[in-house]
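Novice:
Numbering (the working numbering), first residue to last: 3 to 400.
1) On the DSSP letters alone, give me the boundaries of the beta strand (DSSP E) that residue 134 sits inside.
2) Just to confirm, are residue 145 and residue 136 a CB contact at a threshold of 8 Å?
3) Once you ignore the five residues that flank residue 272 on each side, which residues in its own chain have a CB closer than 7 Å to its CB?
4) Over the uninterrupted alpha helix (DSSP H) stretch that includes residue 20, give me the two end residues.
5) Would you list the one or two residues that DSSP bridges to residue 209?
6) Within its chain, find whatever has a CB closer than 6 Å to the CB of residue 307; leave out the 5 residues flanking it on each side and keep chain order.
7) Starting from residue 369, follow its DSSP beta bridges and name the residues at the other end.
8) Based on the DSSP secondary-structure assignment, which residues constitute the bridge partners of residue 325?
9) Which whole-angstrom value is the C-beta distance of residue 93 and residue 56, which I expect to be below 8 Å?
10) Excluding the 5 residues preceding and the 5 following residue 204 in the sequence, name in chain order all residues of the same chain whose CB lies nearer than 6 Å to its CB.
11) Tell me residue 189's beta-bridge partners as DSSP assigns them.
12) For the alpha helix (DSSP H) containing residue 70, name the first residue and the last one.
13) Where does residue 335 land, buried or exposed, given buried means 16+ other C-beta within 10 angstroms?
14) Give the DSSP-derived three-state secondary structure of residue 234 in the structure shown.
15) Quick check: the Cα distance between residue 20 and residue 29, rounded to an integer number of angstroms?
16) Classify residue 64: buried if its beta carbon has 16 or more other beta carbons within 10 angstroms, exposed otherwise.
17) Could you name the residues of the same chain whose beta carbon sits closer than 7 Å to that of residue 249, not counting the 5 residues immediately before and after it, in chain order?
18) Note the first and the last residue of the continuous beta strand (DSSP E) segment covering residue 295.
19) For the 8 Å Cβ check, are there 3 or more pairs between the stretch 93-111 and the stretch 185-197?
20) Does the pairing of the stretch 359-371 with the stretch 277-297 give three or more beta-carbon distances under 8 Å?
21) Pick out whichever of 257, 242 and 207 has its Cα sitting closest to the Cα of residue 299.
22) Is the separation between the beta-carbon of residue 403 and that of residue 152 shorter than 8 Å?
23) Helix, strand or coil for residue 315, going by three-state DSSP, please let me know.
24) Determine the contact status of residue 332 and residue 288, defining contact as a CB-CB distance below 8 Å.
25) How would you write the range of the alpha helix (DSSP H) that residue 271 sits in, first residue to last?
26) With distance defined between alpha-carbon atoms, name the residue in 244, 133 and 164 nearest to residue 214.
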């Protein structure tokens, strides 16, 4: 029902039911594979963390947990199933965070190149894509098959037999296939360099020829273009904060780390000097000697959990213990300020985060395809459709 509702607001034909069912099932399979990988690599969500997440969802909807439970019952979903879906979402989020920490890095040269490009480019582009994925070390036969498939998809669209969004739902290997391949708005520094110049020259509604990228073969469609708002990036908010970290590791359980953090928080609340407590107890070696001082930074620089905790504080207020991938923290927000986004370090940090998000998306999607490729799942949703993109591809030989 949610998928059909999404398509109701689009100027595109709803794909056949069997196509939607297959994509929805593929998405469910991928979710289960991510959950299994998260659990296999030691990612955990405690019952207390789950309770907090459910309470946050209820609060965001301005209802109590009991009212949320009643609403779920009316919608035909059990509370236990809902809690399990939230737990799975938290597990996949943490798996992605761990992946980002270990697999994604941004070099100073990449930031320099992006800053140079920004000097002349102010447009933003709304893009959609269709991906025919290839594994790492693809064989010539796999490359040829993928090439033929993407050419066939392009031919179907060019002949008017299928619009771009419907073709994405039916044929794309990208996780956003169900959204018609919609990539949202991107500035040029958020687009791989190999495609940026091409996109700048495309016209609204135009579809590219098949393109070879690190993930496979793609078709790109320029949905619309807009000029970036001149005020959108003039100022950014920074916070000054300090923190105390208690890590969770082989020698310290989650419960022990939380209890220690609570004890340290009580000492600070009782009048102990935060900086001194940090110097004596914090396990963040980078800030320990400085009394936990992290300086000025964008709130989400250290992750959404850390940023969310700081945003909820008033200046000089000390948080209750909160959990991140690193462990249990106590944080004190010392101040906030608005700074020009053109300030060198702030701007470099912003550009670095943008490049990091782009690279994470590319690497994560490649990881998901590898994860799916390693698993065998027997999917039975009826016979395959008669029209295949390979059949639509133009002949390439005598």
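All C-beta atoms in this analysis are idealised placements derived from N, C-alpha and C, irrespective of residue type, glycine included. Note that the structure is predicted; figures quoted are calculated from it, not measured.
Specialist: With the structure as the only source:
1) Segment 125-135, the beta strand (DSSP E) holding residue 134.
2) Note that the C-beta distance between residue 145 and residue 136 is below 8 Å.
3) For residue 272, there are no CB contacts under 7 Å within the same chain when 5 residues up- and downstream are skipped.
4) Residues 19-42.
5) 223.
6) Once the five neighbours on either side are set aside, the close Cβ partners of residue 307 are 326.
7) Under DSSP, residue 369 shares a beta bridge with no residue.
8) DSSP lists 330 as the bridge partner or partners of residue 325.
9) Taking the Cβ atoms as the reference, residue 93 lies roughly 15 Å from residue 56, outside the contact range of under 8 Å.
10) Non-local beta-carbon contacts of residue 204 in its own chain, meaning distances under 6 Å to residues more than five positions away in sequence, involve 224 in chain order.
11) Bridge pairing for residue 189: 126 [DSSP].
12) Run containing residue 70: 67-76, per the alpha helix (DSSP H) assignment.
13) By the beta-carbon neighbour count (other beta carbons within 10 angstroms, threshold 16), residue 335 is buried.
14) The predicted position of residue 234 is uncertain, since its pLDDT is 47 and thus under 50; a value taken from the coordinates is nonetheless stated next. Residue 234 carries a coil assignment under DSSP once its states are collapsed to helix, strand and coil.
15) Each residue's Cα considered, the two are about 14 Å apart.
16) Exposed, since its Cβ has fewer than 16 Cβ neighbours within 10 Å.
17) If we look at residue 249 and ignore the five residues flanking it on each side, its Cβ neighbours are 259, 285, 328 and 329.
18) Per DSSP, the continuous beta strand (DSSP E) segment holding residue 295 begins and ends at 295-299.
19) In short, these stretches do not touch, since the Cβ pair count stays below three.
20) No, they do not touch.
21) Taking only the C-alpha atoms, the option nearest residue 299 is 242.
22) Residue 403 lies beyond the stretch modelled for the chain, which goes from 3 to 400, so this question has no answer here.
23) If DSSP states are grouped into helix, strand and coil, residue 315 belongs with coil.
24) Cβ atoms of residue 332 and residue 288: not closer than 8 Å.
25) Per DSSP, residue 271 belongs to the alpha helix (DSSP H) from 256-271.
26) Minimum Cα distance to residue 214 is reached at 133.
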